[in-house]
Each structure stands twice: as structure tokens, then as C-alpha cells.
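Chemist:
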Amino acid sequence: MQSLMKTLLLAVAVSALPQPIPQDASPAAPAVVTPEEAAAQARAAFMPDGFTAQANQIIPVVVGGAQDLFVPNVVTAAVGDVVQFQFSNGNHTVTQSAQDAACQPLQASVATAVHSGHIPFQDGQTTVGTFNMPVLNTDPMFLYCATGPHCQNGQVVIVNPANSQQIVDYAKLSAASAQSGDGTTVVGGTVAQIPLQLAAFVPAAPQAGPPPGAAAPAAPAAPAAPAAPAAPADPAASSVAAPANAITITLPPVAAPAATDAAAIPGTTTVIVTVPAAR
Ligand SMILES: [Cu+2]
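Numbered per mature numbering (1 follows the signal peptide of the UniProt record, and there is no 0), the sequence shown spans residues -18 to -1, 1 to 261.
In C-alpha cells form, the structure reads like this:
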């Protein structure tokens, strides 16, 4: 009975919260609005009557692009600010995890945990998908991208970290995780489109091989190799005729002469040393 009461209370509490938006129900593309209008929509949807905002900034965070990262990956936001995730090249999500469960959706246990759904950006696109997340309290929020190995590769961000070490620890934990779990429902923000020219990033160049006419840079010319001096002759081969630019040095006896022709001068060893010809 007690657990039933708890369940009912939880159901009432959850129904009082902003309701999740179903994901991928072939949604009509949202109208293109300004970043400010997108943030205002999110505030209207998520900040209840009587909510006291201390701030109303829009804080852009670029998601993906030339690298699969969040830029910046540490955000300080006040209650009332809207963190506006702007999705650049690729296909990414913003998905909340617990601090100690990197790359796994907190939504699996907490229905109100944030998830943006997958928002792509393709070459040539003139609008940018955004996920507008109002900040309702200043507790640290640990967020990652649920696409492929992006989280393991460092695509993580913290809103309001308690200290500067948290992002390092969270990224390390993410890198060590086996794989990512995906969110299931869009929660905690509103999806909107803004014009590319108002976005906080320049799209990465299309990755279609080298542009035409881009000849590979010529390899630097190798310096003219000086004529290689002849290798010092092996004493054992000293019977070979010395080159024209050779001088002959006769050394005192060594402990174990291996010379053969050295016998020409008993008790000595002959070594041929080659030096560059005189100019
Ligand atoms: Cu990603």
C-alpha cells in the first residue's frame, strides 16, 4: 500500500513537470526562428508561472562540426539562462547522464533527465537545429552525445560543474566506458531551427577528397648528395687496388692482425683510408 501511495505521488509529481515530447514521430521540421525566439519558446515551455529567473542569457554551445565535441565543454549558467545547443556537422545528441555513469542515459531511471534526440547537420544546410535547455537550478549537469563512439571520444559537457576537475574526471570516465546508451524521449528543452548565419559556428568544409586543382605540394628537392666516400677497405681485402684518391697508412702491429697482405711488411697491418680528393 505504501509503495502504491509512493507511485501515485510520483505520478502526480511527474505529471506536474513539463511533459516529454515524443521523439521521431516524423516531426514536422520546426519553423526557422531567431536564436532569441528559440530561447523564448524554451522558457515559455519550461519555466512555470511564478518561476524566478535570475538571468536570461542565451549561452550557445556548438555540438559537433569538424570534431565531434561540445564547444565549450564547460558552461556556467544562472537560473533562467537558456543553454542553446547548436548542432553542426554530423549527427549528435545532448543526453544527460549521472556523474558516475558516463555515456549512459539518466533517463533510464529519471524521467525528467535531459535528451535532445538526434539532430543532424548536413553539408549545404542553411539552417541549424538547436536544442534549447532552460537552466532551472545550478546543480551540475553531466551531458554527452549518444551517437556512436562520440562519448568515448570525448564528446561530453558539464553545465555548472562544481569545480574545474569534474570535466577532466567525467571525460576520463567516458573514454573508459564500453559504449553509449541512447535516450528515448526528448526531454528538458525545445527543438528549434535558426538560420545558419546566426549560428555560433562556421560549418566544416565538405569532406569529399582534395578540391580539384589542388596539386600535391612538390616534395622539397633533396640536396645534391656529395659523392659517397668509398667505405674504408677491410684490411682483409686490402689487396684490392686502392682508388686514385686514397692514401695508404701503415700502422704499428695490433694484437690480432687479420691482415693477409700485411705480410708484405712483416709485423704491420695495412689499412686503406679514403679521403676526398684535394681541390
Ligand atoms: Cu556526437
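All C-beta atoms in this analysis are idealised placements derived from N, C-alpha and C, irrespective of residue type, glycine included. Since this is a predicted model, take the numbers as computed values, not measurements.
Return the Cβ separation of I140 and P122 in integer angstroms, given the expectation that the two are a contact with Cβ distance under 8 Å.
Modeler: Stepping through the sequence shown from its first residue, residue 140 is reached at position 158. Stepping through the sequence shown from its first residue, residue 122 is reached at position 140. With a Cβ gap of about 6 Å, I140 and P122 count as contacting.
Chemist: Thinking C-alpha only, which one of N71, L51, E18, V64 is nearest L35?
Modeler: For the purposes of this step, residue 35 is taken as residue 53 along the sequence shown, with counting starting at 1. Sequence check: residue 35 is Ala here, not Leu. With distances taken between Cα atoms, A35 lies closest to V64.
Chemist: When the Cα of V61 is compared with those of C85, F33, V44, F69, which residue comes out closest?
Modeler: The residue given as residue 61 occupies position 79 in the sequence shown. Of C85, F33, V44, F69, the residue nearest in Cα terms is F33.
Chemist: With a threshold of 7 Å, establish whether the CB of T129 neighbours any heavy atom of ligand 2.
Modeler: Absent from the structure shown: ligand 2. Ligands present: ligand 1.
Chemist: Would you report the Cα separation of I101 and Q175, rounded to the nearest angstrom?
Modeler: In the sequence shown, residue 101 corresponds to position 119, counting from 1. In the sequence shown, residue 175 corresponds to position 193, counting from 1. Taking the straight line from one Cα to the other gives about 10 Å.
Chemist: Hey, would you say the C-beta of D164 is under 7 Å away from at least one heavy atom of ligand 1?
Modeler: Along the sequence shown, read from residue 1 onward, the residue named residue 164 stands at position 182. Not under cutoff, so the answer is no.
Chemist: Within the present structure, is the beta-carbon of H132 separated from the nearest heavy atom of ligand 1 by less than 7 Å?
Modeler: As a position in the sequence shown, residue 132 is number 150, starting the count at 1. Correct: H132 has its Cβ closer than 7 Å to ligand 1.
Chemist: Measuring alpha carbon to alpha carbon, tell me which residue in G171, L178, G165, G130 is nearest A157.
Modeler: Within the sequence shown, the letter at position 175 stands for residue 157. A157 has its Cα closest to that of G130, out of G171, L178, G165, G130.
Chemist: What is the DSSP secondary structure of L88, reduced to helix, strand or coil?
Modeler: Position 106 of the sequence shown, counted from the start, is the residue given in the question as residue 88. In the structure shown, L88 sits in a helix (DSSP, three-state: H, G or I).
Chemist: Need the endpoints of the alpha helix (DSSP H) that F28 sits in, please.
Modeler: Stepping through the sequence shown from its first residue, residue 28 is reached at position 46. That run of the alpha helix (DSSP H) goes 17 to 28.
Chemist: Where in the stretch 108 to 168 do unbroken runs of the beta strand (DSSP E), each at least 3 residues long, occur, reported from the N-terminal end onward?
Modeler: Segments of the beta strand (DSSP E) lying fully in the stretch 108 to 168: 109 to 116, 123 to 126, 138 to 141.
Chemist: Below 7 Å, is the gap between the Cβ of H97 and the nearest heavy atom of ligand 1?
Modeler: In the sequence shown, residue 97 corresponds to position 115, counting from 1. Not so, every heavy atom of ligand 1 lies at least 7 Å from the Cβ.
Chemist: Closest to D105 by C-alpha separation, out of A22, V184, E18, A21, would be which residue?
Modeler: Residue numbering aside, residue 105 sits at position 123 when the sequence shown is read from its first letter. The candidate whose alpha carbon is nearest that of D105 is V184.
Chemist: Starting from the Cα of N55, find the closest Cα among A128, A187, Q148 and give me that residue.
Modeler: Residue mapping note: residue 55 aligns to position 73 of the sequence shown, counting from 1. Nearest C-alpha to N55: Q148.
Chemist: Which residues bound the beta strand (DSSP E) around F103?
Modeler: Indexing the sequence shown from 1 puts residue 103 at position 121. 101 to 103 is the extent of the beta strand (DSSP E) around F103.
Chemist: Measure the alpha-carbon distance for A83 versus V150 and round it to whole angstroms.
Modeler: Along the sequence shown, one-based indexing puts residue 83 at 101. Along the sequence shown, one-based indexing puts residue 150 at 168. If you take the alpha carbons of A83 and V150, they lie about 14 Å apart.
Chemist: What whole-angstrom Cβ distance do V173 and F103 have, given they're in contact under 8 Å?
Modeler: For this step, residue 173 is matched to residue 191 along the sequence shown. For this step, residue 103 is matched to residue 121 along the sequence shown. The Cβ separation is near 13 Å, so there is no contact.
Chemist: According to the Cβ coordinates, are I41 and P17 closer than 8 Å?
Modeler: Residue numbering aside, residue 41 sits at position 59 when the sequence shown is read from its first letter. Residue numbering aside, residue 17 sits at position 35 when the sequence shown is read from its first letter. No, the Cβ-Cβ distance between I41 and P17 is not below 8 Å.
Chemist: Have a look at P211 and G46 and give me their C-alpha separation to the nearest angstrom.
Modeler: Walking along the sequence shown from the start, residue 211 turns up at place 229. Walking along the sequence shown from the start, residue 46 turns up at place 64. With a pLDDT of 47 at P211, under the threshold of 50, the modelled position of that residue is not reliable, and the figure given next carries that caveat. For P211 and G46, the distance between alpha carbons rounds to 57 Å.
Chemist: Does the beta-carbon of N71 have 16 or more other beta-carbons within 10 angstroms, so that it is buried, or is it exposed?
Modeler: As a first step, residue 71 must be located in the sequence shown, where it is residue number 89. When all chains shown are included, N71 counts as buried.
Chemist: Beta-carbon separation of A22 and T75 under 8 Å?
Modeler: Taking the sequence shown and counting its residues from 1, one reaches residue 22 at position 40. Taking the sequence shown and counting its residues from 1, one reaches residue 75 at position 93. Not closer than 8 Å, so no.
Chemist: F67 and V92 - do their beta-carbons sit closer together than 8 Å?
Modeler: Locating residue 92 in the sequence shown gives position 110, counting from the first residue. Locating residue 67 in the sequence shown gives position 85, counting from the first residue. It is not a contact, given that the beta carbons lie outside the stated cut-off.
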